[in-house]
Amino acid sequence: MVDDERALVTEILAGNMNAYQVLIKKYERLVGHMVAKLIDNREELEEVCQDVFLKVYNKLAEFNFQSKLSTWIATIAYRHAINATRKNRHLFRELPADNEGDAIALADDRLTSFEETDIHNYVLKLVDKLPPQYKVVLTLYHVEEMSYEEIGAITGMPEGTVKNYLFRARTMLKEKVKRIMVREPGL
Amino acid sequence: MKDEESIQRNVEQGKSDKSADSIAYESVFKALRSEPTSVLSTSFASSVMLKLQQQQHQKSARSEVVWAGVGIALSLLTFVAAVILTGFRPELGFLDALGGYKSVFVFGGAFIVLLQCVDKFLIRKKAAI
Numbered sequence: 002m003v004d005d006e007r008a009l010v011t012e013i014l015a016g017n018m019n020a021y022q023v024l025i026k027k028y029e030r031l032v033g034h035m036v037a038k039l040i041d042n043r044e045e046l047e048e049v050c051q052d053v054f055l056k057v058y059n060k061l062a063e064f065n066f067q068s069k070l071s072t073w074i075a076t077i078a079y080r081h082a083i084n085a086t087r088k089n090r091h092l093f094r095e096l097p098a099d100n101e102g103d104a105i106a107l108a109d110d111r112l113t114s115f116e117e118t119d120i121h122n123y124v125l126k127l128v129d130k131l132p133p134q135y136k137v138v139l140t141l142y143h144v145e146e147m148s149y150e151e152i153g154a155i156t157g158m159p160e161g162t163v164k165n166y167l168f169r170a171r172t173m174l175k176e177k178v179k180r181i182m183v184r185e186p187g188l
Numbered sequence: 243m244k245d246e247e248s249i250q251r252n253v254e255q256g257k258s259d260k261s262a263d264s265i266a267y268e269s270v271f272k273a274l275r276s277e278p279t280s281v282l283s284t285s286f287a288s289s290v291m292l293k294l295q296q297q298q299h300q301k302s303a304r305s306e307v308v309w310a311g312v313g314i315a316l317s318l319l320t321f322v323a324a325v326i327l328t329g330f331r332p333e334l335g336f337l338d339a340l341g342g343y344k345s346v347f348v349f350g351g352a353f354i355v356l357l358q359c360v361d362k363f364l365i366r367k368k369a370a371i
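Top to bottom, those sequences are chains A and B. Residues 2 to 188 in this note's numbering are what the first sequence lists, from first letter to last. Residues 243 to 371 in this note's numbering are what the second sequence lists, from first letter to last.
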C-alpha cells in the first residue's frame with residue numbers, strides 16, 4: 002500500500018499527468034465526502050474540491066511519507082474547506098447543552114406517522130443538522146474508517162476531543178432514534 | 243456515561259444485548275456506516291486536470307514575463323554602466339539650442355494636462371448627461 006503510494010507519487014513528481022489523474026480518482030471520494038460535510042452549496046463544493054487537488058499537486062513534493070497519503074490529502078481538504086467557509090459562517094457550533102434540544106429540530110415532530118420514512122434516512126438527516134466538526138468526525142470514523150489518531154491529525158483536534166465528539170454525537174442520535182422507536186414500537 | 247460508552251463499544255463490536263439502547267445504537271451505526279451519495283460530478287477528475295493545465299500555462303506565461311523584465315532591467319543596467327565607464331556624452335545637435343527655452347516646454351506640458359482635465363471633467367461629463 003505504502004509502496005503503491007510511493008510509486009504513484011514518484012510518477013507524478015516525474016511529470017506523469019496520467020498518474021495524477023489516477024490519484025484524483027482514488028481520493029476524490031474521500032475529499033468529496035469530507036468537504037461536503039462543511040460546504041452545502043454544490044457548485045462551491047465542486048470548486049473547493051478542485052482547488053484541494055490543485056493544492057495537493059502543488060504541494061506533493063513536500064509529502065514526506067510520514068503519514069498515509071489519504072491522511073495528508075484529507076488534512077489539506079479539511080483546512081481548505083474550513084478557510085473557504087470561515088468568512089461566511091460560524092463554523093464550530095456546539096451541540097446544544099440539552100442533547101435532545103430543539104437546535105437539531107427535525108421532521109420527527111412534524112411527521113404524523115413515522116412510517117412515511119425510515120430510521121436510516123432519519124439518522125442521516127439528523128447527522129446533516131449536526132455542527133460541521135461533528136459531521137466530519139463521524140464521516141471520517143464511520144465511512145472512511147479512520148483511527149482517532151488519523152482524525153486528530155486531519156482536523157487538528159486532540160484525540161480526546163475526537164472521541165468526545167463521536168461519543169456525544171452518537172449518544173444524541175441514539176436518544177432521538179430511541180424516542181421514535183418508543184413512539185412507533187413496530188419499527 | 244461509562245455505561246453509555248460500553249454500550250457504544252459493544253454495539254460497534256457487534257455484541258448487542260438487544261436492549262432498547264443497543265437496538266437504537268445498531269440503527270444509528272448502520273446509517274452512519276452507509277456510503278453517502280456521490281457528491282462530485284462524473285467529470286471531476288477531468289475538470290481538475292484541465293484546471294491544472296491552465297494553471298501550468300499561466301505559470302509559464304508569468305515566468306516568461308518575469309524573464310522579459312529581468313532581460314530589460316539587465317539591458318538598462320548594461321547601458322548605464324557602459325555610459326558611465328566610457329564617459330559617453332550624447333550629441334543632441336539642434337536640441338542643444340532648445341535648452342534655453344525650458345519655460346516654453348513646462349508651459350506646453352501644463353497646457354496639455356489642463357486640456358485633458360477640461361475634456362475629462364467638463365466636456366465628457368456634460369456629454370454623458
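Every residue gets a Cβ at the ideal spot worked out from N, C-alpha and C, and that includes glycine. Note that the structure is a prediction, hence the values are computed from the model and not measured.
Is the Cβ of residue i closer than 8 Å to any Cβ of chain B?
| i | result |
| --- | --- |
| R184/A | no |
| T172/A | yes |
| E145/A | no |
| L141/A | no |
| E29/A | yes |
| Q51/A | yes |
| I105/A | Here the model assigns I105/A a pLDDT of 46, short of 50, so the residue's position is not dependable, and the following value carries that caveat. For I105/A, the answer is no, since every Cβ of chain B falls outside 8 Å of its Cβ. |
What residues from chain A crowd round residue i, counting only those whose CB sits closer than 9 Å?
| i | result |
| --- | --- |
| A303/B | Result: empty, since nearest Cβ-Cβ is about 17 Å, beyond 9 Å. |
| Q250/B | L167, F168, R171, T172 and K175 |
| I362/B | The sequence given here places Lys at residue 362/B; Ile does not occur at that position. Here the premise fails: no neighbours, minimum Cβ distance about 38 Å. |
Give a yes or no on whether 8 Å exceeds the smallest Cβ distance from residue i to chain A.
| i | result |
| --- | --- |
| R275/B | yes |
| D259/B | no |
| Q255/B | no |
| K367/B | no |
| A324/B | no |
| E246/B | yes |
Using a Cβ-Cβ cutoff of less than 8 Å, which residues in the same chain neighbour residue i once the five nearest sequence positions on both sides are dropped?
| i | result |
| --- | --- |
| T140/A | H34, M35 and K38 |
| L14/A | L61 and A62 |
| V23/A | L9 |
| G351/B | none |
| E150/A | E160 |
Excluding the five sequence neighbours on either side, which residues of its own chain have a C-beta within less than 7 Å of the C-beta of residue i, listed in chain order?
| i | result |
| --- | --- |
| I40/A | L46, V49, A82, A85 and T86 |
| A78/A | V32, M35, V36 and V53 |
| G153/A | P159, E160 and V163 |
| T284/B | none |
Kindly give me the distance between the Cβ atoms of residue i and residue j, rounded to whole angstroms, as I take these residues to be in contact under 8 Å.
| i | j | result |
| --- | --- | --- |
| I74/A | V32/A | 7 Å |
| E277/B | V253/B | 20 Å between Cβ atoms; not a contact. |
| R275/B | H143/A | 5 Å |
| Y21/A | Y58/A | 6 Å |
| V270/B | R171/A | 6 Å |
| A273/B | L125/A | 6 Å |
| M291/B | M147/A | At roughly 27 Å, the Cβ-Cβ gap does not stay under 8 Å, so M291/B and M147/A are not in contact. |
Can you give me the Cβ contacts of residue i inside the same chain, cut-off strictly under 6 Å, excluding the 5 residues immediately before and after it?
| i | result |
| --- | --- |
| I25/A | F54 |
| L70/A | E6 |
| A108/A | Confidence is the limiting factor: at A108/A the pLDDT is only 43, short of 50, which leaves the residue's position unreliable, though a coordinate-based value still follows. Excluding residues within five positions, none has a Cβ falling inside 6 Å. |
| N122/A | none |
Residues of chain B with a CB under 8 Å from the CB of residue i: which are they?
| i | result |
| --- | --- |
| L55/A | V290, K293, L294 and Q297 |
| H34/A | P278 and V281 |
| Q134/A | Ordered by position in chain B, no residue passes the 8 Å Cβ test against Q134/A, which lies about 16 Å from the chain. |
| A37/A | P278 and V281 |
Closer than 7 Å by beta-carbon distance: list the chain A residues that pair up with residue i, in chain order.
| i | result |
| --- | --- |
| S269/B | I120, V124 and V178 |
| S345/B | Ordered by position in chain A, no residue passes the 7 Å Cβ test against S345/B, which lies about 56 Å from the chain. |
| A266/B | K175, V178, K179 and M182 |
Which residues in chain B have a C-beta closer than 9 Å to the C-beta of residue i? List them in chain order.
| i | result |
| --- | --- |
| Q22/A | A287, S288, V290 and M291 |
| K26/A | F286 and A287 |
Which chain A residues sit within Cβ distance under 8 Å of residue i?
| i | result |
| --- | --- |
| D263/B | K175 and K179 |
At 7 Å on the CB atoms, spell out the chain B contacts of residue i, in chain order.
| i | result |
| --- | --- |
| L46/A | V281 |
| Y58/A | L294 |
Mind listing the chain C neighbours of residue i? Cutoff is C-beta to C-beta under 9 Å, in chain order.
| i | result |
| --- | --- |
| M18/A | This model lacks chain C altogether; the protein chains it does include are A and B. |
Three or more C-beta pairs closer than 8 Å, one from the stretch 45–55 of chain A and one from the stretch 146–160 of chain A: is that the case here?
In short, these stretches do not touch, since the Cβ pair count stays below three.
Count Cβ pairs between the stretch 260–268 of chain B and the stretch 165–175 of chain A that sit closer than 8 Å; are there 3 or more?
yes
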